[in-house]
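A.B. asks:
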């Protein structure tokens with residue numbers, strides 16, 4: 002079984018509750034998991050969080066831009082725009098859906114397999 006970040010955080014939390022120092026926790030993780038173990042900085046940061054009273058090992062939600070706008074809803078919206086007007090431009094799609102040219106390009110070519118045509122966007 003491959004351990005993920007939350008598994009390692011649980012182990013770090015357990016070691017924190019056992020009273021191990023940051024270095025002892027890091028050494029234990031390193032001896033058990035070698036190159037898969039989190040760095041000393043990660044152990045130190047989580048110890049600091051637990052010292053502040055944090056008990057959760059899950060990632061906290063963050064404000065900001067989502068990792069990707071290439072989601073099924075946007076892909077379907079682009080598909081519908083092309084169905085409505087085969088001559089729709091990147092700029093029109095960008096203005097209509099508020100997504101970047103890069104995302105539009107990715108949707109058109111990687112998800113919808115649209116070929117560039119001199120006169121129109123043709124679904125492949």
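Residue numbers (my numbering): 2 to 125.
Don't be surprised by glycine CBs; every beta carbon is placed ideally from N, CA and C.
Between 55, 105, 30, 65, which lies nearest to residue 82 when the distance is taken from Cα to Cα?
C.D. replies: Out of 55, 105, 30, 65, 105 has the C-alpha closest to the C-alpha of residue 82.
A.B. asks: According to DSSP, is residue 89 part of a helix, a strand, or is it coil?
C.D. replies: Residue state, collapsed to three classes: coil.
A.B. asks: At which residues does the beta strand (DSSP E) containing residue 115 begin and terminate?
C.D. replies: First-last of the beta strand (DSSP E) with residue 115: 115-117.
A.B. asks: In chain order, which continuous runs of the alpha helix (DSSP H) of length 4 or greater are located wholly inside the stretch 25-112?
C.D. replies: Listed in chain order, the complete alpha helix (DSSP H) runs (minimum 4 residues) inside the stretch 25-112 are 41-52, 73-85, 91-98, 102-107.
A.B. asks: Rounded to the nearest angstrom, what separates residue 117 and residue 93 at their Cα positions?
C.D. replies: If I take the Cα positions, the gap works out to 16 Å.
A.B. asks: How about residue 60: is its C-beta nearer than 9 Å to some C-beta of chain D?
C.D. replies: Of the protein chains in this structure there is only one, and it is not chain D.
A.B. asks: Determine the contact status of residue 76 and residue 7, defining contact as a CB-CB distance below 9 Å.
C.D. replies: Not closer than 9 Å, so no.
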